[in-house]
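Engineer:
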Amino acid sequence: MELDPQTLKSESTYKLLIGCVVPRPIAWVSTVGVDGVNNLAPFSFFMGVCQEPPTIAFSSGPRARDRKDTVRNAEHTGDFVVNLVDDDRAEQMNLSSGEY
1 MELDPQTLKS ESTYKLLIGC VVPRPIAWVS TVGVDGVNNL APFSFFMGVC QEPPTIAFSS
61 GPRARDRKDT VRNAEHTGDF VVNLVDDDRA EQMNLSSGEY
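Last residue of the sequence shown: 100 (this note's numbering), numbering continuous.
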């Protein structure tokens, strides 16, 4: 099968990408804002990049308004933590995915 990403709608591209890795883990990414406020947000696009130096990346999709707090905080401080979630926290993870 061959797909041309230039001809796919954004929703179709998203569904294709999230279907590439199954089961798809979701992680909470935690940051601290310039004002000292803690932030915890779920992300499904994250991965290990390399072992030396140990590097993890996450991707924040486009947003209609300004950048997500997680991105702003990570850029400002240079720090973020990717937190994996077990089954006991799955419902809390799901609830945290809304716009707040």
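Virtual Cβ for every residue (Gly too), placed ideally from N, Cα, C.
For the segment 8 to 24 and the segment 36 to 43, state whether three or more C-beta atom pairs, one from each stretch, are separated by less than 8 Å.
Structural biologist: no
Engineer: What is the residue span of the beta strand (DSSP E) that ILE56 lies within?
Structural biologist: Sequence index remark: in the sequence shown, residue 56 carries index 56 (1-based). Looking at the DSSP string, the run of the beta strand (DSSP E) that includes ILE56 is 54 to 58.
Engineer: Taking 8 Å as the cut-off, decide whether the C-beta atoms of VAL71 and ALA27 are in contact.
Structural biologist: Within the sequence shown, residue 71 is the residue found at index 71, counting from 1. Within the sequence shown, residue 27 is the residue found at index 27, counting from 1. Against a cut-off of 8 Å, the Cβ pair of ALA27 and VAL71 comes out as no contact.
Engineer: List the whole-angstrom C-beta distance separating THR13 from ASP79, where the pair is believed to meet the contact cut-off of C-beta under 8 Å.
Structural biologist: Translated into the one-based positions of the sequence shown, residue 13 becomes position 13. Translated into the one-based positions of the sequence shown, residue 79 becomes position 79. About 30 Å; that fails the 8 Å criterion.
Engineer: With distances taken Cα to Cα, identify the nearest neighbour of ALA90 among PRO25, THR7 and PRO62.
Structural biologist: As a working mapping, residue 90 is identified with position 90 in the sequence shown. When each option's Cα is compared against that of ALA90, the closest is PRO25.
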